[in-house]
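Asker: Counting from 1, position 203 in the sequence shown corresponds to residue 343 in my numbering; the numbering is continuous, with no gaps.
In this text, a Cβ means the ideal position worked out from N, Cα and C, and glycines have one as well.
Okay, here's the structure, questions in a sec.
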Amino acid sequence: MSRQQPEQQAPPVQKLRIRYAKRGRLRFTSHRDVSRAIERGVVRAAIPMAYSSGFHPHPRISYAGASPTGAASEAEYVELGLAEVRDPAEIGAALDAVLPDGLDVVATVDAAASTAGSLSDLLTASHWLIDLGDTPTEQVAAAVAAFLGTESVTVERMTKKGLRSFDCRAAVVRLAVTADGALDLLLEHTVPAVRPDDVLTGLREVGGLDVPLTALLTRLAQGVLDRTDESIGDPLALR
């Protein structure tokens with residue numbers, strides 16, 4: 141007997157792109173838990189989602205450029221595929237109302253009206269602020285100078301595929317010290333991905349920086365990198 145074919149679902153009639161923040165204690169939440177919270181929120185807000193085809197249909201939700209566990213962020217992105225056309229602002233407000241405190245919807249736009257390209261293609265760099273606590277500013281500045289003066293900085297990190305070595309220097313577009321001794325970091329998204337904590341490892345190995353365990357990572361922006369003026373374009377900008 142042939143197996144019954146699954147029902148084919150209609151494609152989304154509208155795609156909404158949402159920028160949300162991960163603040164406070166929610167920075168310790170894993171991406172898996174964040175995605176679960178958003179999926180529960182979509183149900184609670186009664187958002188008319190489109191579903192995938194197959195034997196186990198799931199709502200059409202796609203994530204791009206998620207920040208690592210332990211990092212706060214003002215620029216996380218998710219795309220929702222809807223079965224009905226709705227006002228983006230109303231959907232954003234409805235979702236924000238049911239998400240946990242610390243997961244906050246910042247902006248919602250219709251993908252058809254925003255910058256062309258897939259969401260993942262529009263996230264090519266991140267702007268980070270790294271608070272190093274009471275680390276002396278002169279020590280931070282010396283480590284940054286040593287790091288920037290080195291052509292290649294190889295670091296190691298354990299990944300799902302085992303221990304990997306890679307150059308973290310090449311991904312750094314800009315690295316500066318703020319007036320209060322924090323790090324202002326513009327990081328290009330590369331393969332393999334270089335994370336802010338990899339840059340901290342490089343600063344420790346090359347510049348002898350004593351990185352505190354309490355270093356706080358906050359992503360301020362994420363978008364399309366313009367190397368000419370070291371800026372990041374808004375992926376939700378309207379055409």
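1) Under a Cβ-count criterion, where at least 16 other Cβ atoms within 10 Å of its own Cβ denotes burial, should residue 267 be classed as buried or exposed?
2) Just to check my reading of the structure: residue 208 and residue 314 have Cβ atoms closer than 8 Å, yes? What is that Cβ distance to the nearest angstrom?
3) Rank 362, 155 and 248 by C-alpha distance to the C-alpha of residue 206 and give the top, closest one.
4) Mind listing, in chain order, the continuous alpha helix (DSSP H) runs of no fewer than 4 residues lying wholly within the segment 232-296?
5) Using the C-alpha atoms, what's the distance from residue 337 back to residue 280?
6) Report the option in 168, 148, 232 and 379 whose CA atom is closest to the CA atom of residue 196.
7) Helix, strand or coil for residue 341 per DSSP?
8) Tell me which same chain residues have a C-beta within less than 7 Å of the C-beta of residue 277, skipping the five on either side of it?
9) I'd like the list of long-range same chain contacts for residue 303, defined as Cβ closer than 7 Å, with 5 residues on each side in sequence excluded.
10) CB-CB under 8 Å to residue 309, same chain, minus the five flanking residues each way: which ones, in chain order?
11) Could you pull the start and end residues of the alpha helix (DSSP H) that residue 179 belongs to?
12) Quick check on DSSP: helix, strand or coil for residue 141?
13) Assess contact between the segment 208-225 and the segment 161-180, defined as three or more Cβ pairs (one per stretch) separated by less than 8 Å. Is contact present?
14) From residue 250 to residue 285, what does the alpha carbon distance come to, in whole angstroms?
15) Could you compute how far the alpha carbon of residue 155 sits from the alpha carbon of residue 353?
16) So is residue 239 buried or exposed if we call it buried at 16+ other beta carbons inside 10 Å?
17) Going along the chain, which residues of its own chain have a beta-carbon closer than 6 Å to the beta-carbon of residue 138, five neighbours each way excluded?
Answerer: Result, derived from the coordinates:
1) Here residue 267 is taken as the residue at index 127 of the sequence shown, counted from 1. Burial call: buried.
2) Here residue 208 refers to the residue found at position 68 of the sequence shown. Here residue 314 refers to the residue found at position 174 of the sequence shown. No, residue 208 and residue 314 are not in contact; Cβ-Cβ is about 20 Å, not under 8 Å.
3) Mapped onto the sequence shown, residue 206 falls at position 66. When only C-alpha atoms are compared, the closest one is 362.
4) 277-288
5) Counting from one through the sequence shown, the residue named residue 280 turns up at place 140. Counting from one through the sequence shown, the residue named residue 337 turns up at place 197. Cα to Cα, the separation comes out at about 15 Å.
6) Residue 196 sits at position 56 when you count from the first residue of the sequence shown. Of the candidates 168, 148, 232 and 379, the one whose C-alpha sits nearest the C-alpha of residue 196 is 148.
7) Position 201 of the sequence shown, counted from the first residue, corresponds to residue 341. If DSSP states are grouped into helix, strand and coil, residue 341 belongs with the helices.
8) By one-based count along the sequence shown, residue 277 stands at place 137. For residue 277, where only same-chain residues beyond five positions count, the Cβ hits under 7 Å are 317 and 321.
9) Your numbering for residue 303 matches position 163 in the sequence shown. Excluding residues within five positions, the ones whose Cβ falls inside 7 Å are 296.
10) As a working note, residue 309 is residue 169 in the sequence shown. Closer than 8 Å at Cβ, skipping near neighbours: 287, 290, 291, 292, 293 and 342.
11) Taking the sequence shown and counting its residues from 1, one reaches residue 179 at position 39. That run of the alpha helix (DSSP H) goes 171-184.
12) Translated into the one-based positions of the sequence shown, residue 141 becomes position 1. Caution applies to residue 141, whose pLDDT of 44 falls short of 50 and renders its modelled position unreliable; the value that the coordinates give is listed next. Here residue 141 sits in coil by DSSP.
13) yes
14) For the purposes of this step, residue 250 is taken as residue 110 along the sequence shown, with counting starting at 1. For the purposes of this step, residue 285 is taken as residue 145 along the sequence shown, with counting starting at 1. Approximately 43 Å, taken between the alpha carbons.
15) Reading the sequence shown from its first residue, position 15 is the one you call residue 155. Reading the sequence shown from its first residue, position 213 is the one you call residue 353. Using only the alpha carbons, I get a separation of about 40 Å.
16) As a first step, residue 239 is located in the sequence shown; it is residue number 99 there, counting from the start. Result: buried.
17) The chain is shown from 141 up to 379; residue 138 falls before or after that span and cannot be answered.
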